[in-house]
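Reviewing the structure listed below.
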Ligand SMILES: Nc1ncnc2c1ncn2[C@@H]1O[C@H](COP(=O)(O)OP(=O)(O)O)[C@@H](O)[C@H]1O
Ligand SMILES: [Mg+2]
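Residue numbers (the working numbering): 147 to 489.
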């Protein structure tokens, strides 16, 4: 692993077998994630962006290592290296009992603060729970940490005895953020943490995450279907389409100079007058994301791509370097002519 990385994903593929027919014999695979590579540096926020169904949550589940144990028969290939106090470990290879030791190192903030918080526990109990699993701290120390963390995420400690259903969506997500942070994890995954919230409170939660990130020097994987949500928070951005990473780069490079036709379409759909893409007009993609059981051959984006050509069905484009730290999986995105055509 590189010195400054906390996580390295190498050639990760995740297949969900689909059983069908009267005898439920395995017929096909859903290739939710296909041969992806990602790196997260210590203290950085990586934004992972793509439409619903493109495999973002599957990446998150592979990192927290729950696929093998919760979804039997899932086929996982590749490696996910995490830097721990015991050195580098490959999460994919760990058995359930071996993983227990590292569960506290990777924590997740869930999308839906309504269903992800246990309604039978008080706020204090919810936030305290990871400390019970992952530390040997006594009750008074745990309470002190819980109260500190409540205050830090903007919840008064007087509310500690209340139950989560007594809170608004925004406050619930503050609880959903306090809980994973309490064990001081090496990596936090935020899986669409504001998608279930009212637009009016999304910005508050994003600002809170940004503050916490800066204060605790968090390493964060921030997942969203909306690029404008991750942009300000992210050091780097990876764009995902139908199980593949199609573009990665520094946040501003991807946002202001998107190269892949899919990234261009995503950015052009952001309703901001000062955004490069939207000035040039919105790119409307044809149709829906194809069913992952029947992916197009060759480039998976070609059926919706404004610059697709015959060759695109014949090979799977690899991520190639376009400029410093900026990679794109479309050889035609480099051609000036096609850049114009796609806009
Ligand atoms: N446990 C599972 N069994 C079968 N298919 C799944 C399972 N989880 C996810 N999928 C499929 O994998 C694809 C990617 O899903 P997901 O990772 O949830 O996408 P995203 O988070 O980007 O919306 C989808 O087609 C979804 O239906
Ligand atoms: Mg998801």
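Glycine included, each C-beta is placed from N, C-alpha and C at the ideal position.
Heavy atom of ligand 2 within 8 Å of residue i beta-carbon
i: residue 317; result: no
i: residue 202; result: yes
i: residue 457; result: no
i: residue 337; result: yes
i: residue 261; result: no
i: residue 257; result: yes
Whole-angstrom distance between residue j and residue i, CA atom to CA atom
i: residue 223; j: residue 475; result: 21 Å
i: residue 401; j: residue 268; result: 41 Å
i: residue 319; j: residue 455; result: 45 Å
i: residue 438; j: residue 298; result: 41 Å
i: residue 305; j: residue 282; result: 25 Å
i: residue 159; j: residue 441; result: 15 Å
i: residue 156; j: residue 377; result: 24 Å
i: residue 220; j: residue 240; result: 15 Å
i: residue 245; j: residue 447; result: 36 Å
i: residue 261; j: residue 217; result: 20 Å
i: residue 310; j: residue 227; result: 35 Å
i: residue 342; j: residue 257; result: 6 Å
i: residue 229; j: residue 235; result: 7 Å
i: residue 444; j: residue 461; result: 4 Å
i: residue 175; j: residue 165; result: 9 Å
i: residue 325; j: residue 252; result: 12 Å
i: residue 177; j: residue 307; result: 44 Å
i: residue 369; j: residue 355; result: 13 Å
Counted within 10 angstroms of its Cβ, other Cβ atoms place residue i as buried (16 or more) or exposed
i: residue 459; result: exposed
i: residue 148; result: exposed
i: residue 469; result: exposed
i: residue 301; result: buried
i: residue 345; result: exposed
i: residue 390; result: buried
i: residue 290; result: exposed
i: residue 425; result: Reliability of the predicted coordinates at residue 425 is poor, the pLDDT of 49 falling under 50, and no value is obtained from them.
i: residue 278; result: exposed
i: residue 332; result: buried
i: residue 486; result: Note that residue 486 scores 48 on pLDDT, short of 50, meaning its location in the model is unreliable and no value can be drawn from it.
i: residue 265; result: exposed
Assigned secondary structure, residue i (DSSP; H/G/I helix, E/B strand, else coil)
i: residue 147; result: coil
i: residue 450; result: helix
i: residue 266; result: coil
i: residue 341; result: coil
i: residue 249; result: helix
i: residue 326; result: helix
i: residue 273; result: helix
i: residue 237; result: helix
i: residue 411; result: helix
i: residue 425; result: Note that residue 425 scores 49 on pLDDT, short of 50, meaning its location in the model is unreliable and no value can be drawn from it.
i: residue 349; result: helix
i: residue 180; result: strand
i: residue 87; result: Examination of residue 87 is not possible in this model, given that the chain is present from 147 through 489 alone.
i: residue 167; result: coil
i: residue 406; result: coil
i: residue 321; result: helix
For residue i, the nearest candidate out of the options (CA to CA)
i: residue 330; options: 177, 345, 261, 358; result: 358
i: residue 191; options: 299, 153, 238; result: 153
i: residue 335; options: 439, 243, 437, 210; result: 210
i: residue 409; options: 433, 182, 452; result: 452
i: residue 467; options: 290, 159, 441, 392; result: 392
i: residue 436; options: 205, 187, 450, 428; result: 450
i: residue 207; options: 162, 197, 230; result: 162
i: residue 225; options: 214, 237, 231; result: 237
i: residue 387; options: 368, 312, 411; result: 411
i: residue 263; options: 385, 321, 212; result: 321
i: residue 243; options: 307, 212, 430, 365; result: 212
Check: residue i C-beta below 8 Å from any heavy atom of ligand 1
i: residue 371; result: yes
i: residue 342; result: no
i: residue 178; result: yes
i: residue 449; result: no
i: residue 197; result: yes
i: residue 438; result: yes
i: residue 386; result: yes
i: residue 220; result: yes
Any C-beta of chain B under 9 Å from that of residue i
i: residue 381; result: The question asks about chain B, but that chain is absent: this structure has only one protein chain.
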